[in-house]
């Protein structure tokens with residue numbers, strides 16, 4: 332990070348060092364996102380009848396329905412339970428991605444960080460809204 336700090340401070344004499352540092356960051360981010368994509372994150376509807384599992388990239392991997400829970404659900408309620416389970420899995424993915432980014436940036440969750448102006452929109456997308 333010392334090359335990036337020097338560059339931003341107006342000392343552009345080490346462009347090669349800045350490029351090496353940037354390539355290192357790119358490799359680190361790519362590796363972390365690759366590892367995250369291999370992870371599986373789970374979520375369930377509030378009743379626990381439907382469980383969903385997504386990859387770290389958000390792809391639906393598995394969906395399971397407890398047959399005992401089906402007795403109390405009609406087709407509309409079942410569809411809602413499936414949606415809630417998938418949303419819960421996506422929110423788990425969001426939390427894991429946040430952890431990865433905090434690790435990469437060296438920021439602790441308790442550190443005061445300026446609010447992300449897109450955070451609300453991203454959460455709405457993950458919830459399917």
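In my numbering, the protein residues as written are 332 to 460. All residues carry an ideal CB built from backbone N, CA and C; glycine is no exception.
Per-residue burial, residue i [other beta carbons within 10 Å of its own, 16 or more giving buried]
{"i": "residue 387", "result": "buried"}
{"i": "residue 453", "result": "exposed"}
{"i": "residue 382", "result": "buried"}
{"i": "residue 321", "result": "Outside the displayed range of the chain (332 to 460) lies residue 321, so it cannot be described from this structure."}
{"i": "residue 406", "result": "exposed"}
{"i": "residue 350", "result": "exposed"}
{"i": "residue 376", "result": "buried"}
For residue i: DSSP bridge partner residues
{"i": "residue 412", "result": "Answer by DSSP bridge pairing: none, since residue 412 is not bridged."}
{"i": "residue 378", "result": "Answer is none; residue 378 lacks a bridge partner."}
{"i": "residue 371", "result": "386"}
{"i": "residue 391", "result": "385"}
Cβ-based neighbour list, residue i, same chain, cut-off 7 Å, excluding 5 preceding and 5 following
{"i": "residue 368", "result": "386, 387 and 388"}
{"i": "residue 459", "result": "414 and 418"}
{"i": "residue 303", "result": "Residue 303 is absent from the model: the chain starts at 332 and stops at 460."}
Same chain only: Cβ atoms within 8 Å of residue i, ignoring 5 sequence neighbours per side
{"i": "residue 437", "result": "none"}
{"i": "residue 404", "result": "380 and 412"}
Close beta carbons around residue i, own chain, < 6 Å, minus the five adjacent residues each side
{"i": "residue 394", "result": "383"}
{"i": "residue 423", "result": "372 and 374"}
{"i": "residue 399", "result": "none"}
Rounded Cβ spacing between residue i and residue j (contact assumed at less than 8 Å)
{"i": "residue 401", "j": "residue 409", "result": "7 Å"}
Check your understanding: Using 8 Å as the Cβ pair cut-off and three pairs as the minimum, do the segment 427-437 and the segment 356-373 touch?
Key -> yes
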